Amino acid sequence: MSEDKKIIFSMVGVSKTFPPHKQVLKNIHLSFFYGAKIGIIGLNGSGKSTLLKIIAGIEKSYQGEVVFSPGYSVGYLEQEPKLDDNLTVREVVEQGMKDVVDLLKEYEEVNLKFSEPMSDEEMTKLIERQGELTELIEQKNGWEIDSRLKRAMDALRCPEETEKIEYLSGGERRRVALCRLLLQEPDVLLLDEPTNHLDAESVQWLEMHLQQYKGTVIAITHDRYFLDNVAGWILELDRGEGIPWKGNYSSWLEQKSKRLDQEQKSESKRKKTLERELEWVRMSPKARHAKSKARLSAYDKLLNQDSKQKEEKLEIFIPNGP
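Quick look at the structure:
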């Protein structure tokens, strides 16, 4: 199976209930392909952030299973990222490329050792290790780390790299955390309101970056333009159920409109049938004596049918982007 058609993780019967009896997720069965770009939408309190936390492994109190394919990594941008106040902006951002930073550090240490006295055997081992490190760094494009860091930090309007985290505002912390996460390049990228505290140019850069992102992206956002430009799927959370729709936000609106029209037609037919049956039930016992038992049973069944509660509005409120 090609990489872009590989299922990277699945949710099997996932449910979540908050005390005392508020169920926000109800028996969700979904599979996610590698490389899919998914926007999560739903009313406030519908469980969007809870779903991301379950996928990220942060929320562990739920029913069902989240099954990942072996060897895949997950990165999560929460609404209030936790950063080490003792570090600088540069040090936090570098954590996203820790493997490359560690390789470069060892490469420098190896080069310094060449000035020390050593045996021929030690020299041979050192040269071999230098070659291995060079190959690994080139595979990860490690020689370009400074320019990559600078491009991402500039695009997201991060504070000066020498600034201490403890002095940053909440918005600045989010931009630094987002920059670190994007440089980390996890296979599954979970973003909770990624466009918050970003200006228009930064949002545009982020959209382009995510469009080209190789891994799976799952985002919660109230920026409908972001959803239109990035999402290839919409996951709607509606009364606990997870309903996938193929297409971006505008496509979801069109499909949702058609679905609600169909539901309204079905409900209208059901209402008319109930009215007819109600007239029959109100007739005198003698007039409706024939076949009364079967018909009353059918009426009760129709009356108790689980008709889905209609949403007050078609469009979940997603305000304009910046």
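Take 0 as the starting number for the sequence shown in numbering that gives the first Met the number 0 and just add one per residue. Heads up, the beta-carbon is just placed ideally off N, CA and C, and yes, glycines get one too. These numbers come from a predicted model, not from an experiment.
The beta carbon of R128 sits closer than 7 angstroms to those of V109, all from its chain and outside the five residues before and after it, given in chain order. Looking at the DSSP output, W251 bridges to nothing. Taking all protein chains shown into account, F17 has fewer than 16 neighbouring C-beta atoms within 10 Å of its C-beta and is therefore exposed. Looking at the DSSP output, D237 shares a beta bridge with E240. The criterion of a C-beta distance shorter than 8 angstroms is satisfied by L236 and K47.
G12 and E240 have their C-alpha atoms some 11 angstroms from each other. Taking each of L82, K59, Q183, L51 in turn and checking the Cα distance to A151, the smallest one comes out for Q183.
Going by beta carbons, L188 and T215 fall inside the 8 angstroms limit. In this structure, I126 is the residue among M117, E64, I126, E90 with its C-alpha nearest to the C-alpha of E107.
For R223 and Y248, the gap between their C-alpha atoms comes out near 7 angstroms. Each of G41, L24, K104, T123 was checked against the Cα of I54, and the nearest Cα belongs to L24. In the DSSP assignment, Y224 falls within the unbroken alpha helix (DSSP H) covering 223–229. For M152, no beta strand (DSSP E) encloses it; the enclosing alpha helix (DSSP H) starts and ends at 144–154. With respect to the C-alpha of L234, the residue from K5, F8, N26, G41 having the closest C-alpha is G41. Taken atom to atom, the span from the alpha-carbon of E266 to that of R275 is near 14 angstroms.
Contact check for A230 and L190: beta-carbon distance about 11 angstroms, past the 8 angstroms limit, so the pair fails to qualify. The beta carbon of S30 lies closer than 7 angstroms to those of I6, S9 in the same chain, with the five residues before and after it left out.
Membership of L167 in any alpha helix (DSSP H) is not indicated, and neither H nor E is assigned to it by DSSP.
Here the segment 150–170 makes contact with the segment 200–215; the two share three or more CB pairs at distances below 8 angstroms. Counting only residues of its own chain and dropping the five nearest sequence neighbours on each side, T87 has a CB closer than 8 angstroms to the CB of E160, T161, E162, K163, I164. Taking a C-beta distance under 8 angstroms as the contact criterion, L102 and G141 qualify as a contact pair. With a beta-carbon spacing of about 7 angstroms, L82 and V175 fall inside the 8 angstroms limit used to define contacts.
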